[in-house]
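*Asks:*
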Amino acid sequence: MGLEFPHLGSSLNRVRTSSGRGYARLDELYEERDAVSWYWRIVALAASWLILGGYLILPSTYYKPEVEDPHYRFNPAVLTTVIVALLTAGHSLTVLLWFAVRSWLFQAEAIFL
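Right, here's the structure in full:
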């Protein structure tokens with residue numbers, strides 16, 4: 004007989020023992036996380052790399068070299084467009100994962116990290 008926590012889905016159940024004390028079974032969290040399909044894991048990895056790429060390119064839009072070399076300089080408008088595209092795609096995939104995969108542990112490990 005367990006109490007359900009609806010905000011966590013069925014992953015965290017509270018079980019009562021004969022003495023009346025309760026304990027939580029957390030092993031089901033790992034079973035749910037391991038049951039997530041491989042393509043959601045790839046989407047999570049791609050989303051993380053897209054967001055990281057956007058934030059790594061961001062400082063180069065404000066960098067002003069002492070000697071201007073036209074062969075190695077990008078237009079700031081082009082860099083801004085690339086940054087916005089990377090960040091938008093990464094965050095959109097993250098939101099998709101949030102709603103598509105309901106495993107609480109997968110969300111904590113793959114989305115929030």
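In the working numbering, the protein residues as written are 4 to 116. From the three backbone atoms N, C-alpha and C, an ideal C-beta is built for every residue, glycine too.
Here's a check: name, in chain order, each residue in its chain whose Cβ is nearer than 8 Å to the Cβ of T64, leaving out the five neighbours to either side.
*Replies:* Counting only Cβ-Cβ distances below 8 Å, and skipping sequence neighbours, we find P79, L82, T83, I86.
*Asks:* Could you tell me if F77 is buried or exposed, where buried requires 16 or more neighbouring beta carbons within 10 angstroms of its beta carbon?
*Replies:* Result: exposed.
*Asks:* Spell out a yes or no on whether the segment 98-113 and the segment 53-64 are touching, meaning 3 or more CB-CB pairs, one atom from each, closer than 8 Å.
*Replies:* Contact fails: fewer than three Cβ-Cβ distances are below 8 Å.
*Asks:* Within 10 Å of its beta-carbon, does M4 have 16 or more other beta-carbons around it, so buried, or fewer, so exposed?
*Replies:* Confidence at M4 is low in this model, with a pLDDT of 47, below 50, so the placement of that residue should be treated as unreliable; the coordinate-derived value is given next. M4 comes out exposed.
*Asks:* Could you tell me the distance, in whole angstroms, from the CA atom of W41 to the CA atom of Y66?
*Replies:* Each residue's Cα considered, the two are about 39 Å apart.
*Asks:* Taking Cβ to Cβ, would you say A113 is nearer than 8 Å to A38?
*Replies:* Not closer than 8 Å, so no.
*Asks:* Short of 7 Å in beta carbon distance, which residues of its chain neighbour L116, apart from the five on each side in sequence? Order them along the chain.
*Replies:* Result list for L116: empty, nothing under 7 Å.
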